[in-house]
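Enquirer:
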Amino acid sequence: MPPKKGKKGKEAEPKKIGPQPPNVFLYIQLAGISRLPTTRHPLEIHISQGGSLIVKCTEHYNTDGIIPQWEFDTRPTFTLIFQQDNVDRINHAADNPLLVELFMRVTPFRSIFGVDGAYGEEEGEEEEDGDKIGISSNSSTPVEVIIKNIDRHHNSVPEQFTSRVTVKMVLLCVGYLDVIKLFGHSRSMVREQLYLYPMPDVEESLRSTVHTEWHLYTLLPIAKQLTFTNMSFVTFESIYNLREEYILDASSMRVVISFRSRIPGDRNDMNVPLCDFEYLERLCIAQQPLHHVFESFRRAVQPSNVTGLKSTMEVETYRLFDELLCTDGMTVDFSDIDQGGDDALVCNSFHRFILTQKMADILSYAITCQQYVLAVEVFQTIGYTKPQKVFQGILDPSIMAYPGVQNMRFAVQLDYMGKLRPPPKRQGTVSIASSQRTENNVSRPPTFAIIKLCLLAPIGEIYKELQVFRDSFIRQNRLLFCDHPLVPQVGIPLEEIQADSFARFDKFIRDCIIFIIQKRVNKIEDRKQHFCCAVQNLANILMKVIGSVYNTRTPTSTNVDFSNLCAVAYNDLEPRVHALVEQAENDGFETFGGGRAEQSDRIMDYLNTIKLLRAVGDTRTAALFLDKAKTENPSDERFNFYMLILHMEFGNYDLAKEYYGQSHLANHYEYYTYHVNGLISQELD
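If you want it as structure tokens, here you go:
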């Protein structure tokens, strides 16, 4: 509708004068493939990206996006075309990852028409068996002889015979590549190791996880000027509380989510489409697929909930109706929903959007100022009629404007707008009246849909990792899901790091003393192999001690300063080693430290005694033994682990949880292997 005359509107933004941004080619190359299933039928790989044009780099123009089996080792290359800094094209690629499918081409009458030149082998095999080759196994007509001769000389088959050939494409494996990691400010190259996982209905003899390697690169940056600040996910899960009188056709349903203005304007711009979902499936609630997938995959692959297409987001059935924000005025008792018997219209797919700073500001303003709500409309098409609206509802996203809120599931009440199924014809007046009284007395639960909105960063904030997501594999995977926000690692206090470093150093010296005593080592050459490894472990431990204690006390900037600092550390640690040797001598070298088995047995004796005392009710004496055991094993990881088991047996889960909250060096440094090897050798001895 053109603007009305006589009214002053906003001035249109002046058109930019200058050349259009250049087109950028994203090259996709199959670098390697292995572990293919064994079959006599030809294989081929199909690649697609949400209907985008994919051009094969060959002499002839080819947009099929197909790699036949004989090209698997020739490194075929394809191109996707992007306009530089085009937000719409980038968002389309973000919401439609590159789908990779491995098909098997099954052609009937394979031996007749000579597909892939395999006729000779099959003909020889069939002649050995004494069977005749032809359209019918029991016929031998002149037509067969003609066809056989044509096939043998590799000439084209006449049209009257080729029309009878029907090719069946069997999907064996599937996977996808996320090209979003190439949307940087400079040209990019990424090597992807992609596993194509078999489909669930594939025969056992053809089931194989195919390993592929892909090279993705651009010669120019796709997003040269754009800066991405946030990413949003819109997930449509399912529709619940379906009534019997609803007339529904799940296969033709289409869910449309759009922004709707609270204040209608002069122009017809009340609704701004956001995304849509198609092809819902009516399933028992307990039997619905658990993992969410991209909506584009649901439309392209059936079934779509397979290993190769799954995301890390999922529906937890035992928490299906937990932490839901319901529509104002909606009253529903979720405990009345029978997950094992009730049906739902299941979707469980999502859309993904990249936000620039400008887009994030507009979205933040629209939500914080409560100018827009999200309208949820469900349409269906029965027969050849026009799409009819069957459900509609309103989702108010205002809560997303609160600080720290970035992941919220909404229960949106849906009002049924379609026709109702007529009641049974044979129904008396009394039964009608009784049914009406029943409906009036028992309020029916409302139909509702669960929709999840998620942002990588709270609205109005910047997700910093999005600007450097190509630097880390973990950051790349972070862009594939949006569930509960990642819990940042809590830093370890410096004092605790220093205490643990010295504890590691003391333990290493004690272990060396015990080894020398038990093995009766008189000189290093007797156990040179052991001490060579021990020196490497000591070097790692000393680096932790020097870095956490001495280097924090005296920062260094040159190699000379650090060498001098190491000399200071040596002078300080030498008396410490001497004191440990004197302690061993005072305790007696024969009994110093004891063996690992004796030490473990002593810990187990303490814990068994504590368990028996608590069983008879003598908690006071049990507490005394526990304090004594802690005193004798102040920094023993095995003792801490045994205490974890003890707390679990007694049901003290809060105390057991503290074990995981503590700073065990085995979780932060590379000495965990040392302890595991010690425990294994102890068990073997």
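Counting the sequence shown from 1 gives a position; the working numbering is that position plus 2.
Backbone N, C-alpha and C define an ideal beta-carbon position, used for all residues, glycine too.
(1) Taking only the alpha-carbon atoms, compute the straight-line gap between Thr76 and Glu297 and give it to the nearest angstrom.
(2) Rounded to whole angstroms, how far is the Cβ of Leu347 from the Cβ of Ala413, which I believe are closer than 8 Å?
(3) For a quick check, are the C-beta atoms of Val334 and Pro448 less than 8 Å apart?
(4) Where in the stretch 297–359 do unbroken runs of the alpha helix (DSSP H), each at least 4 residues long, occur, reported from the N-terminal end onward?
(5) Would you call the stretch 402–420 and the stretch 320–331 in contact, with 3 or more CB pairs under 8 Å?
(6) Using three-state DSSP, classify Val192 as helix, strand or coil.
(7) Tell me whether the stretch 342–361 and the stretch 94–102 touch, counting them as touching only if at least three CB pairs, one residue from each stretch, are closer than 8 Å.
(8) Rounded to the nearest angstrom, what separates Asp398 and Val375 at their Cα positions?
(9) Does the CB of Gly395 have a neighbour CB from chain B at under 8 Å?
(10) Please go through the stretch 347–426 and give each complete beta strand (DSSP E) segment of 3 or more residues, from N-terminal end onward.
(11) Going residue by residue through the stretch 622–658, where are the continuous beta strand (DSSP E) segments of at least 3 residues, counting only ones entirely within it?
(12) Measuring alpha carbon to alpha carbon, tell me which residue in Glu239, Arg42 and Gly462 is nearest Glu283.
(13) If you draw a straight line from the alpha carbon of Asp574 to that of Ala581, how long is it in whole angstroms?
(14) First and last residue of the alpha helix (DSSP H) that includes Cys535?
(15) So does the stretch 255–263 actually touch the stretch 376–395, counting three or more Cβ pairs closer than 8 Å?
(16) If you draw a straight line from the alpha carbon of Glu215 to that of Asn232, how long is it in whole angstroms?
(17) By DSSP's criteria, Lys454 is part of a beta bridge. Which residues make up the other side?
(18) Where does Glu587 fall in DSSP's three states?
(19) Could you name the residues of the same chain whose beta carbon sits closer than 8 Å to that of Ile92, not counting the 5 residues immediately before and after it, in chain order?
(20) Hey, how far is the Cα of Thr109 from the Cα of Pro200?
(21) How many Å lie between Val147 and Arg42 at the Cα?
(22) Going by other Cβ atoms of all chains shown within 10 Å of its Cβ, with 16 needed for buried, is Thr556 buried or exposed?
(23) Closest by CA to Met171, which one among Leu540, Asp278, Ile68 and Ala571?
(24) Quick one: what's got a C-beta closer than 8 Å to Lys421's C-beta in the same chain, skipping five residues either side?
(25) I want to know whether the stretch 187–198 touches the stretch 315–328 - three or more CB-CB distances under 8 Å.
(26) Out of Ser400, Gly177, Val212 and Met402, which one is the CA nearest neighbour of Thr309?
(27) Terminal residues of the continuous beta strand (DSSP E) containing Ala33?
(28) Go through its chain and collect everything with a Cβ distance to Pro275's Cβ below 6 Å, but skip five positions before and after it.
(29) State the start and end residues of the unbroken beta strand (DSSP E) segment that holds His48.
(30) Just how far apart, CA to CA, sit Glu46 and Leu208?
Expert: So, from the data block:
(1) 33 Å
(2) Contact doesn't hold; Cβ gap of about 14 Å is too wide.
(3) yes
(4) 297–302
(5) yes
(6) Note: Val192 maps to strand in three-state DSSP.
(7) yes
(8) 5 Å
(9) Going by chain labels, chain B is absent from the structure shown, which holds only one protein chain.
(10) For secondary structure counted as the beta strand (DSSP E) over 3 or more consecutive residues, the stretch 347–426 holds these complete runs in sequence order: 374–382, 390–397 and 409–415.
(11) none
(12) Distances from the alpha-carbon of Glu283 to those of Glu239, Arg42 and Gly462 put Glu239 closest.
(13) Between the alpha carbons of Asp574 and Ala581 lies a gap of roughly 12 Å.
(14) Lys530 to Val547
(15) Yes, they touch.
(16) Computed Cα separation, rounded: 30 Å.
(17) Thr237 and Arg411
(18) helix
(19) Only Phe84, Phe185, Ile224, Ala225, Leu228 and Ile356 meet the Cβ criterion.
(20) 21 Å
(21) Low confidence applies here, because Val147 scores a pLDDT of 47, under 50, leaving its location unreliable and the question unanswered by this model.
(22) exposed
(23) Ile68
(24) Ile249
(25) Contact between the stretch 187–198 and the stretch 315–328 is absent, because fewer than three Cβ pairs lie under 8 Å.
(26) Considering only alpha carbons, the answer is Gly177.
(27) Ala33 -> beta strand (DSSP E) spans Asn25 to Ser36.
(28) Ser260
(29) Leu45 to Ser50
(30) Rounded to the nearest angstrom, the two C-alpha atoms are 14 Å apart.
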